[in-house]
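*Asks:* Below you will find the structure I want to go over with you.
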Amino acid sequence: MFAPGEQELENLKAAVFELKAALTWERTQKVRLLEELGRYHGEIKRLQDRLTDLELQLAEGKHASAPSGSAMAEQVEDGAPH
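Residue numbers for the sequence shown follow the numbering used here, beginning at 30 and rising by one.
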């Protein structure tokens with residue numbers, strides 16, 4: 030049998046071992062989640078950049094396809110339909 034306090038000491042040693050193992054697992058999970066978060070941030074940035082590019086292309090396309098004010102005036106002066 031254990032001497033007084035020996036059982037408590039063994040229980041505490043076991044608890045410390047279990048907590049260290051749990052802490053190691055938690056740290057591993059944290060690293061994995063931070064890596065995943067980094068990938069999500071990269072994907073969000075890529076999508077935002079693509080959205081900006083598409084918005085610029087649309088704005089340029091509308092600007093290029095819309096007749097300028099002087100072109101519209103020429104059509105009216107020539108009697109051409111607008």
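All residues carry an ideal CB built from backbone N, CA and C; glycine is no exception.
In the structure shown, what three-state DSSP assignment does A44 receive?
*Replies:* Here residue 44 is taken as the residue at index 15 of the sequence shown, counted from 1. Helix at A44.
*Asks:* Enumerate, from N- to C-terminal direction, the unbroken alpha helix (DSSP H) stretches of 4 or more residues contained entirely within the stretch 62-94.
*Replies:* none
*Asks:* Tell me whether K59, by its Cβ, gets closer than 7 Å to a heavy atom of the ligand ATP.
*Replies:* Ligands are entirely absent from the displayed structure, and the ligand ATP is therefore not among its contents.
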